[in-house]
Amino acid sequence: MEKNILVLLLAGVLTACVTINIYFPAAAAQEAADQIIDDVWKIKEGDAKAPGAASETPTQDK
Amino acid sequence: MKQTWIQTWIKFQRLIKLLVAIMVVFTIHLAYSAPNLEIDTPAINALKSSMQARHGQLAPFYGSGAIGLTSNGLIAVRDAKALPLKDRQGINALVASENTDRSKLYQEIAVANGHPEWGSSIQDAFAGRWIDKAQTGWYYQAAGGWTQK
Amino acid sequence: MLYLATLYPVILYVVKQCGKAVVDNSVGTFRKALLFALLILNQSAFAVSSIEMRIGSVDAPVGQLKDTKLHVDLKGKKPKLNLTAAVKPAAAPDFMPFKLVCDTLFSEQLGYIDCFDGKLTSAVMDIPFSLHIAQQANQIALDVLFNGAKFSDAAGLHAGEGLIGDIQFTANKKQTGWQWRSELNWEKGEVFWQPFYFGDAGSAFSANGFVDAKKIVVNDAGLIVKDVGEIKANAAIDAKTKQLTDATITAKQIDFNGLYTLLLKPTLEKSAFGNLTVSGKANWQFQIKNTQPAHFELKLIDANIEDQNGKFSFSHVNANIPWDYDVAQNISLAYESGNLLNLPLGSANLKAELNRYALTTPELVLPLLDGALNFKDVSAAWLGKNWFWHLRMDLTPIDLKQFSAALGWPAMAGHISGQIPLVTYANKQLNMDGAMTFNVFDGTVGMNNLRIDDPLGVVTRLYADLTMRKLDLGVLTRTYRFGAIEGKLDGDVKGLELENWKAVRFDASLQTSDDNQKKKISQRAVENITALGGEGTAAALQRTFLRFFDEFNYDKIGISCKLRGDMCEMGGVTSTPDGYIIVKGSGIPAINVNGYNKQVSLSDLLGRIKRITDSNTNVIVK
Chain A
249 MEKNILVLLL
259 AGVLTACVTI
269 NIYFPAAAAQ
279 EAADQIIDDV
289 WKIKEGDAKA
299 PGAASETPTQ
309 DK
Chain B
92 MKQTWIQTWI
102 KFQRLIKLLV
112 AIMVVFTIHL
122 AYSAPNLEID
132 TPAINALKSS
142 MQARHGQLAP
152 FYGSGAIGLT
162 SNGLIAVRDA
172 KALPLKDRQG
182 INALVASENT
192 DRSKLYQEIA
202 VANGHPEWGS
212 SIQDAFAGRW
222 IDKAQTGWYY
232 QAAGGWTQK
Chain C
185 MLYLATLYPV
195 ILYVVKQCGK
205 AVVDNSVGTF
215 RKALLFALLI
225 LNQSAFAVSS
235 IEMRIGSVDA
245 PVGQLKDTKL
255 HVDLKGKKPK
265 LNLTAAVKPA
275 AAPDFMPFKL
285 VCDTLFSEQL
295 GYIDCFDGKL
305 TSAVMDIPFS
315 LHIAQQANQI
325 ALDVLFNGAK
335 FSDAAGLHAG
345 EGLIGDIQFT
355 ANKKQTGWQW
365 RSELNWEKGE
375 VFWQPFYFGD
385 AGSAFSANGF
395 VDAKKIVVND
405 AGLIVKDVGE
415 IKANAAIDAK
425 TKQLTDATIT
435 AKQIDFNGLY
445 TLLLKPTLEK
455 SAFGNLTVSG
465 KANWQFQIKN
475 TQPAHFELKL
485 IDANIEDQNG
495 KFSFSHVNAN
505 IPWDYDVAQN
515 ISLAYESGNL
525 LNLPLGSANL
535 KAELNRYALT
545 TPELVLPLLD
555 GALNFKDVSA
565 AWLGKNWFWH
575 LRMDLTPIDL
585 KQFSAALGWP
595 AMAGHISGQI
605 PLVTYANKQL
615 NMDGAMTFNV
625 FDGTVGMNNL
635 RIDDPLGVVT
645 RLYADLTMRK
655 LDLGVLTRTY
665 RFGAIEGKLD
675 GDVKGLELEN
685 WKAVRFDASL
695 QTSDDNQKKK
705 ISQRAVENIT
715 ALGGEGTAAA
725 LQRTFLRFFD
735 EFNYDKIGIS
745 CKLRGDMCEM
755 GGVTSTPDGY
765 IIVKGSGIPA
775 INVNGYNKQV
785 SLSDLLGRIK
795 RITDSNTNVI
805 VK
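Heads up: the sequence lines are chains A, B and C, in that order.
The first sequence begins at 249 in the numbering used here and counts up by one.
The second sequence begins at 92 in the numbering used here and counts up by one.
The third sequence begins at 185 in the numbering used here and counts up by one.
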């Protein structure tokens, strides 16, 4: 009988586990979006500096 | 008879404790593994740098209101008249390639995390964040049409 | 200009009677009205100080007019005309306000009208102009100067700004229609007519033709476009639908860059050819029959083509690309040198047959470095806006030393050869059935089941299986300056997947070949293998008596990596309870190199190969 309960409860936990994994991680997705958007749009701030930085880079002759 | 009952009860209590313990451990495990999404793959990085490079061209157009952010995480031409004539030619192609990249990005994030079916949920998550992070003056699509931030 | 043309008869209709006007479309009344109006204007000595007319609505084939108000002020020395109306061109959905002002109106002579300082304004245009009209029995001549004109449709997709120039237009009445002649000089300003943009003007246009109720015929149109050259055209336009039914456009010895920028690029935006830098000369011809493209011809003369995304380039291109809807054509394309995905291409002369939307050729030879890609039985089709290809491919052996140098890899000796029975390209996916063989490091590397998704796109994925046999470790280690190892190596890389040319998945295992003769590993190589695991252990060897030995014998070297994402599940020759053996020594002194870290980040590992850090491998001295 105990075993039955155990099995049932375990099955319950396991089932719950499966269900949990299916949920879309909305918070994580927002975080990922923030990181990527920051990267993609940050280029604007670097814009003004980029040409100067580039000219300081020594050019290599092949 | 009575003893057996007590024994059973004790065992049952132990079992409950064990299960609670399992669940606590499991919950902690969940909390720890509430994972960041994998966004560092070559495909995602390639799309990011492609979009970064394009943003230099797009930024003035967001500013002038010629293009705006749509409610589904893409961009669209809002008012071609806000552009100098010479820029009107390229705008459609520019918007189209940005949208191709964005759609691919959402799908690649889904694939990188082992759930290709998440594509549209990820797109939804991005849609709100693009708009939240947009600069003042940029346009975005809201329920009532184009709205200026 | 359409509006102006519409306007002209309207003015004349309206100047019919003082006070009230009833519009009459008959030509007789039209004449009388004109006469009357001009009389008034000529004889301003009459005690008429102004003329004002209001008209309810006018229907004409080109559109409608309502709430028309005409006011001619005769008080000053020079009469002034002011016309306001709501106009609705035949194609437009709504009426829009419209205003014509003539600050100086002359009509010294019957049939002649001059309007200086005129201005035509409406929601869609703002055109300052001066106008001279000469009207005789069967002829109308119009001379318009416009200065800073501006127009735009509601969406801004057909628009012009800052236009300065003049139009001369004459039309002679014939039995069935009008014979016309027109010249346009466009000095300044820009026009965007989706998808084409004409900036900074400097263009001239002349044409003549015939117009009747059914069609507009344009003959001998000559368009001199700045930065391009002269383009000639004949065309017929359906008067009702405004659709181009027939046209022949010819351009000879024009600037290829101008042609590309102005006319070709806008139509190629979304293809692989939408972002090129080009130069050279071109001949171009394009023919439309019954609204359908019928013939096309592009000749390139010593042109250079370079993709701005760096995917390909061709220099000194001479090409003859004719295309005909009905008749199969032979095309040819030759270039002196080029570049495809960083690989230098040698001079080539390609020929093929183009049959409507299909291209076929028995052989295309693309010299690549000292060898060549030989495409055989090529067949391609353009279906539903996508290309579908299939072909066979032979490789004329390519020197690997040059190949690796071209790709910026460490110099490798050997060559690439192979035969691929079938290569297909469909839905942006390239598939190879058959093996390509790289003869390298005195052994072979075979590449099987190659598939490339979206080779020219942002996210390129490559799938392949590699089989390496009897690679000479001596040559290999000297190439990579790893410290000498003597022996032969076999390897298998299954399910290799490159994402954007970076490995994200494979099951790789490399190990000593079975029939190995000489198996020696130098002390430096042992140190380096050890150092891949970590710095701390690298010196371990130095602290023992083993430092007196230059090299050791080994029984087996093996390493395996199951890559998923960036994580490599490592393995070696055999597993130990807490790790795996990478180098299994033999003889005396025997030296083993063990690995303990089963999960290694590939980027870390590659980083370590360059700059040795971290510690996880141990040298075990027996």
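Yeah, the Cβ is synthetic: ideal placement off N, Cα and C, and Gly gets one too.
Contact with chain B by residue i, beta-carbon distance below 9 Å
i	result
residue 635/C	no
residue 307/C	no
residue 376/C	yes
residue 304/C	no
residue 785/C	no
residue 682/C	yes
Burial state of residue i (16 or more Cβ within 10 Å)
i	result
residue 239/B	exposed
residue 488/C	buried
residue 226/B	exposed
residue 401/C	buried
residue 286/A	exposed
residue 134/B	buried
residue 556/C	buried
residue 289/A	buried
residue 284/A	buried
Min CB distance residue i to chain A below 9 Å
i	result
residue 127/B	yes
residue 165/B	no
residue 219/B	yes
residue 224/B	yes
residue 155/B	no
residue 104/B	no
residue 174/B	no
residue 139/B	yes
CB contact check: residue i to chain C, cutoff 9 Å
i	result
residue 190/B	no
residue 227/B	no
residue 160/B	no
residue 207/B	no
residue 193/B	no
residue 148/B	no
C-alpha gap between residue i and residue j, whole angstroms
i	j	result
residue 182/B	residue 762/C	60 Å
residue 561/C	residue 588/C	29 Å
residue 456/C	residue 268/C	51 Å
residue 427/C	residue 475/C	8 Å
residue 211/B	residue 200/B	11 Å
residue 788/C	residue 716/C	10 Å
residue 790/C	residue 658/C	21 Å
residue 494/C	residue 369/C	40 Å
residue 281/C	residue 237/B	27 Å
residue 585/C	residue 663/C	11 Å
residue 498/C	residue 552/C	13 Å
residue 558/C	residue 514/C	20 Å
residue 443/C	residue 153/B	30 Å
residue 205/B	residue 622/C	34 Å
residue 198/B	residue 641/C	15 Å
residue 223/B	residue 106/B	49 Å
residue 538/C	residue 406/C	30 Å
residue 678/C	residue 703/C	26 Å
Query raised in the report: Between the region 725 to 744 of chain C and the region 770 to 789 of chain C, do at least 3 Cβ pairs fall closer than 8 Å?
Result: With the cut-off at 8 Å, the region 725 to 744 of chain C and the region 770 to 789 of chain C touch.
Query raised in the report: Which whole runs of the alpha helix (DSSP H) in the region 634 to 670 of chain C are 4 residues long or more, in chain order?
Result: Those alpha helix (DSSP H) runs which fall completely within the region 634 to 670 of chain C and span 4+ residues are 657 to 663.
Query raised in the report: Which full runs of the beta strand (DSSP E) of 3+ residues lie inside the region 493 to 559 of chain C, going along the chain?
Result: You should have 496 to 508, 513 to 519, 521 to 524, 527 to 529, 532 to 539, 542 to 552.
Query - Sufficient close CB pairs (3 or more, under 8 Å) joining the region 409 to 421 of chain C to the region 473 to 483 of chain C - result: For the pair of segments examined, the region 409 to 421 of chain C was found not to touch the region 473 to 483 of chain C: the number of CB pairs separated by less than 8 Å stays below three.
Query raised in the report: Where in the region 721 to 780 of chain C do unbroken runs of the beta strand (DSSP E), each at least 3 residues long, occur, reported from the N-terminal end onward?
Result: The region 721 to 780 of chain C contains these whole beta strand (DSSP E) runs: 735 to 748, 751 to 756, 758 to 760, 763 to 769, 775 to 779.
Requested in this report: Could you pull out every unbroken beta strand (DSSP E) segment of at least 3 residues lying fully inside the region 242 to 282 of chain C, listed in chain order?
Outcome: Listed in chain order, the complete beta strand (DSSP E) runs (minimum 3 residues) inside the region 242 to 282 of chain C are 247 to 257, 264 to 273.
Query raised in the report: Is the region 741 to 761 of chain C close to the region 688 to 708 of chain C, with three or more CB pairs under 8 Å?
Result: Touching, yes.
**Report entry** contact_flag[the region 355 to 366 of chain C, the region 336 to 346 of chain C] where n(CB pairs < 8 Å) is 3 or more
**Finding:** Too few Cβ pairs lie closer than 8 Å, so no.
Query - Any 3 or more C-beta pairs closer than 8 Å across the region 627 to 637 of chain C and the region 647 to 658 of chain C - result: Contact between the region 627 to 637 of chain C and the region 647 to 658 of chain C is present: 3 or more CB-CB pairs across the two stretches fall below 8 Å.
Query raised in the report: Are the region 288 to 304 of chain C and the region 270 to 280 of chain C touching by the rule of at least three beta carbon pairs closer than 8 Å?
Result: Taking 8 Å as the limit for Cβ pairs, the verdict is that the region 270 to 280 of chain C does not touch the region 288 to 304 of chain C.
Requested in this report: Evaluate the contact criterion for the region 672 to 692 of chain C versus the region 148 to 167 of chain B: three or more CB pairs, one atom per stretch, below 8 Å.
Outcome: Here the region 672 to 692 of chain C does not lie against the region 148 to 167 of chain B, with fewer than 3 beta-carbon pairs under 8 Å apart.
Requested in this report: Kindly confirm or deny that the region 564 to 576 of chain C and the region 604 to 622 of chain C touch, where touching means at least three C-beta pairs closer than 8 Å.
Outcome: At 8 Å Cβ cutoff, the stretches touch.
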